[in-house]
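Be aware that the sequence shown starts at 242, since it is given in our numbering, and climbs by one per residue. Virtual Cβ for every residue (Gly too), placed ideally from N, Cα, C.
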Amino acid sequence: MAYYSQYHSRASHNFTTMNVTHIFFYSHCGILAASASLISLYGSESAAPSALVESVSEETKREISKRVFDVKPELLPCFGSNLFRGNFSKRSVQDFNPDYQISIGDQIMLHIWGSMSFSSELVVDTQGNIFVPTVGPIHILNVKNEDLNRVIDEAIRRHYRDNVRVYALLAAAKPVSIYVSGFVQNPGNYDGVCSESILHFIDRAGGIDPKKGSFLDIRLLREGKVVATFDLYQFLLRGSIQALQLRTGDVIWVGSKKHSVYLFGDVQHANAFEFQGDTIRLSDVLDMAIPRPGATHILRTQRANGQVIQTRIEWPQRYDINVQDGDVLEIGSEKSPQQVLVKLTGEYEGDATLVLEKSCTLKDLFDKGLIRASAIGDIHSLQLFRKSVAQQQKEMVEKSLSQLERQMMFSAPINSEEAKIRIEEAKIFKNFIDEARKLEPRGLVVMNSQSGYGETFLEDGDVLHIPAKTYTIAVSGSVRIPMTFSYQTGRNVSDYIQLAGGLTKEADPRGILIIHPNGESQMLQDHVAIRSSRQNRRAVSFRDRGTLLPGDTIMVLPKVSTSSMLLAQSVADILYKIAIVTRTVVKW
Numbered sequence: 242m243a244y245y246s247q248y249h250s251r252a253s254h255n256f257t258t259m260n261v262t263h264i265f266f267y268s269h270c271g272i273l274a275a276s277a278s279l280i281s282l283y284g285s286e287s288a289a290p291s292a293l294v295e296s297v298s299e300e301t302k303r304e305i306s307k308r309v310f311d312v313k314p315e316l317l318p319c320f321g322s323n324l325f326r327g328n329f330s331k332r333s334v335q336d337f338n339p340d341y342q343i344s345i346g347d348q349i350m351l352h353i354w355g356s357m358s359f360s361s362e363l364v365v366d367t368q369g370n371i372f373v374p375t376v377g378p379i380h381i382l383n384v385k386n387e388d389l390n391r392v393i394d395e396a397i398r399r400h401y402r403d404n405v406r407v408y409a410l411l412a413a414a415k416p417v418s419i420y421v422s423g424f425v426q427n428p429g430n431y432d433g434v435c436s437e438s439i440l441h442f443i444d445r446a447g448g449i450d451p452k453k454g455s456f457l458d459i460r461l462l463r464e465g466k467v468v469a470t471f472d473l474y475q476f477l478l479r480g481s482i483q484a485l486q487l488r489t490g491d492v493i494w495v496g497s498k499k500h501s502v503y504l505f506g507d508v509q510h511a512n513a514f515e516f517q518g519d520t521i522r523l524s525d526v527l528d529m530a531i532p533r534p535g536a537t538h539i540l541r542t543q544r545a546n547g548q549v550i551q552t553r554i555e556w557p558q559r560y561d562i563n564v565q566d567g568d569v570l571e572i573g574s575e576k577s578p579q580q581v582l583v584k585l586t587g588e589y590e591g592d593a594t595l596v597l598e599k600s601c602t603l604k605d606l607f608d609k610g611l612i613r614a615s616a617i618g619d620i621h622s623l624q625l626f627r628k629s630v631a632q633q634q635k636e637m638v639e640k641s642l643s644q645l646e647r648q649m650m651f652s653a654p655i656n657s658e659e660a661k662i663r664i665e666e667a668k669i670f671k672n673f674i675d676e677a678r679k680l681e682p683r684g685l686v687v688m689n690s691q692s693g694y695g696e697t698f699l700e701d702g703d704v705l706h707i708p709a710k711t712y713t714i715a716v717s718g719s720v721r722i723p724m725t726f727s728y729q730t731g732r733n734v735s736d737y738i739q740l741a742g743g744l745t746k747e748a749d750p751r752g753i754l755i756i757h758p759n760g761e762s763q764m765l766q767d768h769v770a771i772r773s774s775r776q777n778r779r780a781v782s783f784r785d786r787g788t789l790l791p792g793d794t795i796m797v798l799p800k801v802s803t804s805s806m807l808l809a810q811s812v813a814d815i816l817y818k819i820a821i822v823t824r825t826v827v828k829w
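Below, the structure written as structure tokens:
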């Protein structure tokens with residue numbers, strides 16, 4: 242039986258009487274500082290502005306609601322939205338189905354040979370006839386295309402019984418002018434031929450509006466009456482569409498979008514699926530989405546009365562469940578794969594892709610000779626990049642950034658002057674947070690020594706990188722000339738920073754990192770002495786010089802300048818985390 246769980250998020254804030262300038266607001270994409278005009282109100286004692294507090298609460302609720310789903314349902318394309326891309330409107334060859342009925346103005350190609358010789362292109366007149374010399378008028382109005390040759394042949398043989406052959410062909414249909422209206426991109430009047438499909442004219446009108454138009458409710462109107470209705474899902478799924486003969490003045494009307502469910506996950510078609518009525522069978526939606534083999538369950542998410550309800554539906558139950566408008570369905574698989582795929586990059590010998598048993602460890606690769614360094618590869622600096630670790634690092638940084646936002650939100654200025662400073666700082670914080678959120682962690686697993694290889698089980702998607710042997714030291718971050726130098730025994734961190742031009746004014750002399758090729762790092766923040774040379778270059782020296790090895794990177798973090806010591810510590814912590822997981826120094 243499916244089990245149910247409800248997720249409720251309620252946030253309440255109790256604010257005592259406070260100054261208006263004490264309130265700062267932040268959105269999920271950045272900081273919304275209070276308007277500078279509020280500063281003029283500083284000093285006036287009044288209750289907290291409830292409207293502003295309530296707006297923060299509602300924004301928080303909307304953000305929580307958005308983050309329920311890994312995929313934003315509203316961004317899923319509507320099933321069938323790729324149907325109208327100009328392919329129907331580009332057709333230049335007229336095709337006539339056998340049931341097409343001859344109309345006034347159609348052009349008939351007629352060839353007669355034998356006892357009578359005649360060849361010409363004839364137009365069906367207003368009486369529904371074509372005129373053949375020595376034979377007279379032949380009535381063919383409303384004759385089906387498949388019967389055209391037979392009807393004309395019989396009429397001619399009433400005058401020429403023997404030794405006559407007839408070949409009649411519908412050459413061209415009379416042009417028609419059709420209106421396309423409703424929820425299409427470009428409603429209007431379009432010329433064509435009566436034998437064209439409604440798809441041709443809808444395509445000419447720019448296709449159905451995927452946000453507003455319906456693929457299930459399309460009508461052909463003639464003199465105000467519905468002649469036919471069309472369901473384009475039947476065409477997409479089964480190739481079925483009704484062939485009709487259009488007339489000048491006909492209207493192709495596209496109705497408004499009906500109900501929709503959103504489906505993604507282990508399926509071939511991750512889309513929003515339209516349906517009519519209050520509910521639709523879950524199995525019918527899955528038939529359109531085409532689940533991938535191995536699907537084991539469906540996570541159904543509903544919203545009702547401001548609450549989010551999630552239901553797990555086991556795979557055999559899909560035939561017994563109906564879903565309704567707005568439901569979000571995620572198809573998942575919990576079958577554990579028995580093999581993992583690992584890739585090799587860098588300076589290696591052998592295969593680039595390894596398919597291994599799930600129980601395989603890094604030590605097993607060495608024991609079996611599956612991982613070998615090339616002549617210039619540094620196997621001792623082997624790097625393991627893992628998707629799950631990258632995700633954890635991303636979440637760690639995001640958690641710190643969100644905490645920084647909350648600290649800013651509830652950090653109250655002491656006076657009006659500090660309030661002005663905070664507003665300016667809010668812009669800096671916003672830029673910093675925006676840039677930090679763009680960075681992607683590398684997912685490097687730090688392995689201190691080869692002794693741990695036997696306990697390092699490999700995961701699907703792991704990347705093993707063997708870097709080239711290098712005898713260089715890279716210096717980056719807040720130095721005057723970030724660059725790479727050749728490694729020289731006896732030189733320490735201070736020496737290499739001096740070679741890079743020394744520290745900039747923005748550098749934090751207590752925020753200097755040494756990162757080794759295998760991902761290990763150490764922060765040199767104790768026993769620091771700063772000196773300035775005659776060239777006005779800021780240099781740094783350490784009583785504890787640290788240990789430098791070939792291939793190391795020296796990263797100098799920027800100094801955090803803000804009016805709040807607590808916020809400065811938080812930013813410094815984030816800068817350190819980002820430098821470790823991305824090998825990038827974010828400017829402050």
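* **Cβ distance (whole Å) where VAL822 is taken to contact ALA813 below 8 Å** => Not really, about 15 Å apart at Cβ, beyond 8 Å.
* Proximity below 7 Å, CB of ALA536 to CB of ASP507 -> yes
* Identify, in the order they occur along the chain, each residue of the same chain with its Cβ nearer than 7 Å to the Cβ of LEU611, setting aside the five sequence neighbours on each side. => GLY591, LEU595
* To do: With DSSP collapsed to three states, give me the class of PHE337.
  => coil
* Going along the chain, which residues of its own chain have a beta-carbon closer than 6 Å to the beta-carbon of ILE662, five neighbours each way excluded? -> SER804
* Look at the alpha carbon of ALA484 and the alpha carbon of SER438, and state the distance between them as a whole number of angstroms. => 7 Å
* Within its chain, find whatever has a CB closer than 6 Å to the CB of LEU585; leave out the 5 residues flanking it on each side and keep chain order. => ALA593, LEU705
* Any idea what DSSP makes of TRP494, helix, strand or coil? -> strand
* Using beta-carbon positions only, say whether ASP450 and PHE325 come within less than 7 Å of one another. => no
* Is there at least one Cβ from chain E nearer than 7 Å to SER438's Cβ? -> Judged by its chain identifiers, the structure shown contains no chain E, having just a single protein chain.
* the region 475-490 / the region 537-553 touching (three or more Cβ pairs under 8 Å) -> no
* To do: Tell me LYS584's beta-bridge partners as DSSP assigns them.
  => THR594, VAL704
* Asked: Given a threshold of 16 other Cβ atoms within 10 Å of its Cβ, counted over all protein chains shown, does ASP403 qualify as buried or as exposed?
  -> exposed
* To do: Leaving aside the five residues before and after HIS400 along the sequence, list all residues of the same chain whose C-beta is less than 6 Å from its C-beta, in chain order.
  => VAL376
* Asked: With DSSP run on the structure shown, which of helix, strand or coil describes SER735?
  -> helix
* Where does THR794 land, buried or exposed, given buried means 16+ other C-beta within 10 angstroms? -> buried
* Rounded to whole angstroms, what's the CA-CA distance from PHE698 to GLU598? Just pull it up for me. => 10 Å
* To do: Give a yes or no on whether the C-beta atoms belonging to ASP347 and LYS453 are separated by under 7 Å.
  => no
* Asked: Can you tell me where the beta strand (DSSP E) with LEU603 in it begins and where it stops?
  -> Where LEU603 is concerned, there is no enclosing beta strand (DSSP E), although the alpha helix (DSSP H) it sits in stretches over 603-608.
* Under the assumption that VAL365 contacts SER344 (Cβ atoms under 8 Å), give the Cβ distance between them as a whole number of angstroms. => 7 Å
* **Terminal residues of the alpha helix (DSSP H) in which ALA871 lies** => Coverage of the chain is limited to positions 242 through 829, which leaves residue 871 absent and any answer about it impossible.
* Asked: If you run the structure through DSSP and keep just helix, strand and coil, what is TYR817?
  -> helix
* **Own chain partners of LEU440 with C-beta closer than 6 Å, once the 5 adjacent residues on each side are dropped** => PHE329
* Asked: Does DSSP put LEU477 in a helix, a strand or coil?
  -> helix
* Exposed or buried, what is ASP528 when buried is set at 16 or more other beta-carbons lying within 10 Å of its beta-carbon? -> exposed
* Proximity below 7 Å, CB of LYS635 to CB of GLY702 -> no
* Nearest to GLN580 by alpha carbon, out of SER356, CYS601, TYR474, LEU410? -> CYS601
* To do: Between the Cα of ARG460 and those of SER422, LEU477, PRO428, spot the shortest distance and give me the residue it belongs to.
  => SER422
* Less than 7 Å separating the beta-carbons of ILE722 and ALA748? -> no
* To do: Please name the residue, chosen from LEU504, SER360, ILE714, LYS609, that lies closest to LEU316 on a Cα-to-Cα basis.
  => LEU504
* **Proximity winner among ASP619, LEU582, THR552, PHE651, relative to ILE572 (alpha-carbon distances)** => THR552
* To do: Give me the Cα-Cα distance between GLY567 and GLN543, rounded to the nearest whole angstrom.
  => 7 Å
* **Boundaries of the beta strand (DSSP E) in which LYS331 is found, first to last residue** => LYS331 -> no beta strand (DSSP E), and no H or E assigned at all.
* Using the rule of at least 16 other Cβ atoms within 10 Å of the residue's Cβ for burial, across every protein chain shown, is GLY480 buried or exposed? -> exposed
* PRO339 versus LEU477: straight-line alpha-carbon distance, rounded -> 23 Å
* Can you name the start and end residues of the alpha helix (DSSP H) that SER643 belongs to? -> 628-650
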